[in-house]
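Just so we're aligned: 153 in full-length UniProt numbering is position 153 of the sequence shown, and the numbers increase by one with no gaps anywhere.
Here a beta-carbon is modelled for each residue, glycine too, at the ideal position from N, C-alpha and C.
What you are looking at is a predicted structure, and each value in this text was computed from that prediction instead of being measured.
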Amino acid sequence: MAGTPTGEDRGDLILYTGHGGQDGRKQQVRNQDLDDSGNAGLVRSEMDGLPVRVIRGFGHGGPHAPSTGYRYDGLYRVDKHYPARHQGFRVWMFRMTKIVDDVAGSPIVVPAPLAKLLKVGTDGPVPTVTTTVQRLVRNSQVTQAVKELHHHICQFCSVQTLVSNGVGYSEGAHIRALGKPHHGPDILSNVLSLCANCHVRFDKGGLVLTDSLAIIDTNTKQRIGQVKPHPAHGIDVQHVTYHRGLWAK
């Protein structure tokens with residue numbers, strides 16, 4: 001997709017390669033940049049939960065392309081973006097899933113597009129639509145065990161978030177992401193206990209770890225701390241190295 005062999009069109013799931021960095025022969029000659037307007041728009045859609053319209057053209061080939069002309073194929077949700085390597089350069093991949101019924105999922109309620117609400121306005125309950133999604137089957141006992149071992153204290157910033165009745169809240173963050181293309185294992189040594197802020201910064205490459213588990217802010221290039229250890233919770237450094245490699249510039 002988008003002119004490079006790293007993309008993949010599976011119909012209801014699209015792994016879309018961002019754009020930029022190619023010469024006239026479609027060869028990658030430099031890293032792609034998220035500041036590019038097309039890539040930045042997809043990131044914003046992901047962050048704000050806004051769907052994107054997908055139009056397929058016959059020239060792309062594959063079983064899901066039309067035989068002639070172009071075809072509007074509906075709305076897709078941008079689930080996430082992540083870096084990959086192509087011809088020695090960094091490219092950005094966007095995982096997009098179609099907003100339709102899926103036999104593998106369970107019904108969820110999705111707010112109507114924010115842009116439409118802002119334009120029209122509503123004085124009553126927020127409009128909703130019901131759809132289903134396909135999710136990875138995670139073992140919640142793994143992440144729960146890590147969070148409880150650390151008493152819901154963030155291993156990066158040492159903050160313990162408390163909700164009602166003094167109950168602790170933290171999030172289990174996989175170091176090497178589950179699912180394609182990363183195929184990280186759902187085991188304790190691949191999970192961290194993080195607060196919501198540190199979790200999103202780690203997932204989006206704002207924070208990475210050295211092999212000695214020092215915490216690096218990728219925007220300032222400064223060391224800002226050290227992962228808080230627990231004797232019953234070892235961290236597999238190979239997953240740390242993999243995650244850091246995704247965001248290396």
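Residue 192 and residue 186: beta carbons closer than 8 Å? No. Outside cutoff.
Among 23, 25, 12, nearest to residue 53 - alpha-carbon criterion: 12
Determine, using beta-carbon pairs with one atom in the region 65-79 and one in the region 26-38, whether at least three such pairs fall under 8 Å. no
By Cβ distance, which residues of its chain are closer than 6 Å to residue 224, with the 5 residues on each side in sequence left out? 215, 217
Using only the heavy atoms of the ligand ATP, determine whether one of them is closer than 7 Å to the beta carbon of residue 74. Among the components of this structure there are no ligands whatsoever, and the ligand ATP is therefore not found.
How long is the line joining the alpha carbons of residue 27 and residue 232, rounded to whole angstroms? 48 Å
Taking the alpha-carbon positions, what's the residue 67 to residue 49 distance? About 32 Å.
Alpha carbon to alpha carbon, how far is residue 163 from residue 30? 46 Å
Where residue 41 sits in the DSSP three-state scheme: helix
Determine the direct distance from the alpha carbon of residue 202 to that of residue 51, and round the result to whole angstroms. 24 Å
Rounded C-alpha distance that separates residue 16 from residue 166: Residue 16 and residue 166 have their C-alpha atoms spaced approximately 43 Å apart.
Kindly identify the DSSP beta-bridge partner or partners of residue 208. 216
For residue 238, which option in 84, 211, 65, 7 has the closest C-alpha, if you only look at C-alpha atoms? 211
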